[in-house]
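K.L.:
Sharing a structure with you now.
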Amino acid sequence: MAHCASKTPTACAEALVDIALEVVTRGETAWGDIAEIVSTTLDVERERLARSARHAALGARTRLTVERHRLSSTTSRLNRSLETTMKSEKQSLDLFAARLSAVDPVRTLARGWSITRTDRGTVVRRSADVSPGDTLVTTVSDGTITSTATPTATD
């Protein structure tokens, strides 16, 4: 108030009221400007957030599509590999079965071979495994033959 002079106290009060009203008006204008700036900023940021959300959703869908394709491709490769492995293992198993069949005692006996054991059940592999008078049990394709060992010459 130093720059303004009033002749009466009423005039001074009126000047103070005018100044106070101007301060209030400026404050209200400033708050209005702040509210408008905040509102505009919120709108801009909401739109930016919405764009980011759309971008993230699109990225997620794209990634899911890529990963589905990758999974499908991997599944196909695994199926082909499994099929190849199964064929190979079946061939190995068939070969093993053929080898096993070739040494099957029943088949060996059917081809004319025999298995001779002592009366204790021990397989006779050499003539030295048998003494004269030992009882021998010989298995052939259609049964067993029991015999008694007699002395013979050794090769």
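For the sequence shown, numbering that gives the first Met the number 0 gives the first residue as 0, with consecutive numbering after it. Positions of the beta carbon are idealized from the N, C-alpha and C atoms, including for glycine. Bear in mind that the values here come from a model prediction, so they are computed numbers and not experimental data.
Applying the 10 Å Cβ sphere with the 16-neighbour rule, what's the burial state of T115?
P.N.:
Flag for T115 reads buried.
K.L.:
For the beta strand (DSSP E) that R116 lies in, which residues bound it at each end?
P.N.:
Note, R116: beta strand (DSSP E), 114 to 117.
K.L.:
Output the distance between the C-alpha atoms of A56 and L63, rounded to the nearest integer angstrom.
P.N.:
About 10 Å.
K.L.:
Give me the residue from D118, T107, R124 with the minimum Cα distance to D141.
P.N.:
Of the listed residues, the one whose Cα sits closest to D141 is T107.
K.L.:
Thinking C-beta only, is T138 closer than 8 Å to D118?
P.N.:
Contact: no.
K.L.:
How is T149 classed by DSSP in three states: helix, strand or coil?
P.N.:
In this structure, T149 counts as coil in the three-state DSSP scheme.
K.L.:
Per DSSP, T107 is paired with what?
P.N.:
Beta-bridge pairing links T107 to no other residue.
K.L.:
Taking the alpha carbon of P150 as the reference point, which residue from I36, I144, D128 has its own alpha carbon closest?
P.N.:
Residue D128 is the option with its Cα nearest to P150.
K.L.:
Can you have a look at V16 and say buried or exposed, based on whether 16 or more other CB atoms are within 10 angstroms of its CB?
P.N.:
Classification of V16: exposed, given that the 10 Å Cβ count is below 16.
K.L.:
From which residue to which residue does the beta strand (DSSP E) around V136 run?
P.N.:
Looking at the DSSP string, the run of the beta strand (DSSP E) that includes V136 is 134 to 139.
K.L.:
Check the C-beta distance from A148 over to G132 and give it rounded, since I have them as a contact under 8 Å.
P.N.:
Right, their Cβ atoms sit about 6 Å apart.
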